[in-house]
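Peer 1: Residues in the sequence shown are numbered consecutively from 16, following our numbering.
Cβ atoms here follow ideal geometry from the backbone N, Cα and C, with glycine treated the same way.
Below is one structure. I have some questions about it.
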Amino acid sequence: MQLPEENIPLLQQELSNDFNLPVTNNKQQLIDALAEGINHLIQANFTRLVNFLYRIDISEKTLRETLENQADKDAGILIAELIIERQLQKQKMRARFKSQENIPDDDKW
C-alpha cells in the first residue's frame, strides 16, 4: 500500500504512545524506526507486542501468514508494514465516516 507523505506525521502521532519514533516525513525511515521497536519487543517483551497488535486489530491469522510467507525477511519490518497498513485503513474509514457527518439538518434523525 502506498503511503502518502501527508499521512506520515499522523501515523507517527498515533504510534507515539507505544514507540519512540523520530520525527520524519520519510516512509522508509518510519518503517525502519518502527521495526527497530518491534524487534526490541520481540526480544524483551513479546507479551506487550502481542497486546499492541491485538489493540490495533491486526489479526493473528494475517500476522502468521505474513511471517510464514516471507520467512526470509526481518519480522520487525514485516510487522511494521502490517501496522502501517492497518493504521492507514483506519484513517480511511474515519475520513469516510467523517464526510458522512456533513448531513444537512433536515436530513438528520
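Could you say which of 108, 57, 66 and 31 lies nearest to residue 45 if we only look at CA atoms?
Peer 2: When only C-alpha atoms are compared, the closest one is 31.
Peer 1: To the nearest angstrom, report how far apart residue 53 and residue 88 are at their CA atoms.
Peer 2: Approximately 14 angstroms, taken between the alpha carbons.
Peer 1: How should residue 25 be labelled, buried or exposed, when 16 other C-beta atoms within 10 angstroms of its C-beta is the threshold for buried?
Peer 2: Exposed, by the Cβ-count rule.
Peer 1: Quick one: using the 10 Å Cβ neighbour count with 16 as the cut-off for buried, is residue 86 buried or exposed?
Peer 2: With fewer than 16 Cβ atoms within 10 Å of its Cβ, residue 86 is classed as exposed.
Peer 1: If you count every other CB in all the chains shown that lies within 10 Å of the CB of residue 102, and 16 or more means buried, which is it?
Peer 2: With 16 or more Cβ atoms within 10 Å of its Cβ, residue 102 is classed as buried.
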